[in-house]
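Just so we're aligned, residue 118 is where the sequence shown starts under our numbering, counting upward by one.
Cβ atoms here follow ideal geometry from the backbone N, Cα and C, with glycine treated the same way.
Accompanying notes for the structure given below.
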Amino acid sequence: MVGDISNLADLDRLYDAVRGRGRGRGLDVLFANAAAASFATLEEVTEEHFDETFGVNVRGTLFTVQKALPLLNDGASVILNSSVRADDGVEAFGTYAASKAAIRSFARTWANELKGRGIRVNAVSPGTIDAPGLDAVVAGDTPLTKSRFAAGVPLGRIGRSDEVADAVAFLASERSSFVLGANLYVDGGENQF
């Protein structure tokens with residue numbers, strides 16, 4: 118199903134489809150993973166840039182989770198996709214970083230609000246990950262730029278999507294049954310330096 122998570126009608130269509138296929142079983146896991154990432158310095162930020170970034174990353178995440186609430190089983194796990202960029206002051210990442218910091222705040226607040234149903238809400242904060250989104254950011258000089266990114270990671274390389282998926286799977290599983298309102302970095306140590 119194709120849709121825009123910042124569009125509430127699209128979210129309604131999504132959850133109508135989930136209800137239709139779910140046979141009343143509900144959801145045990147929700148990973149709010151959609152993101153908009155374009156970059157501009159303070160001088161370059163436009164209303165459109167701001168609205169797109171916050172529309173997808175903040176508004177979209179909020180309503181994705183809110184509209185899922187009736188479908189979430191007690192004891193479910195909700196994982197929100199934040200970013201290590203919420204911690205640093207990388208030039209031209211201000212709007213994106215602020216939107217991802219909001220996601221972390223959601224995780225802490227919603228963990229408290231939903232604890233009565235046993236629903237665990239946590240965030241995952243990837244660092245630089247070799248994925249199509251990174252290719253779009255570094256378009257043109259991809260190999261050289263990726264090597265520059267890797268040089269800034271204490272482990273000396275860019276992360277892989279499967280490493281983020283493994284962290285999400287952990288947060289979704291019973292192995293993290295005592296983890297609530299946390300932020301799990303998957304960044305090769307970027308947040309430490």
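Out of 212, 299, 148, the CA that lies nearest to the CA of residue 165 is found in 212. One Cα belongs to residue 281, the other to residue 234, and the distance between them is close to 27 angstroms.
In this structure, residue 135 places its C-beta atom within 8 angstroms of the C-beta atom of residue 188. Sequence-distant Cβ neighbours of residue 121 in its own chain, meaning closer than 7 angstroms and more than five residues away, are 127.
Approximately 6 angstroms separates the beta-carbon atoms of residue 180 and residue 125; this is inside 8 angstroms, confirming the contact. Within the region 170–247, the complete beta strand (DSSP E) segments at least 3 residues long are 189–198, 237–243, listed from N- to C-terminus. Proximity to residue 132 across 208, 279, 183 peaks at 183, based on C-alpha coordinates. If you draw a straight line from the Cα of residue 155 to the Cα of residue 220, it is about 17 angstroms long. For residue 121, the three-state secondary structure derived from DSSP is coil. Note on geometry: alpha-carbon atoms of residue 167 and residue 202 lie some 16 angstroms from one another.
Look at residue 277 here: in three-state DSSP terms it is strand. Taking a 10 Å sphere around the C-beta of residue 174, we find 16 or more other C-beta atoms and assign the residue as buried. Distance from the CA of residue 290 to the CA of residue 270, rounded to the nearest whole angstrom, comes to 28 angstroms.
Residue 308 sits in a helix when the DSSP states are folded into three classes.
Per DSSP, residue 150 lies in no beta strand (DSSP E) segment and is marked neither H nor E. Judged by beta-carbon spacing, residue 236 lies beyond the 8 angstroms limit of residue 304, meaning their Cβ atoms are not closer than that value.
Counting C-beta atoms within 10 angstroms of its own C-beta, residue 204 has 16 or more neighbours from the protein chains shown and is therefore classed as buried. For residue 301, the enclosing beta strand (DSSP E) covers residues 300–303.
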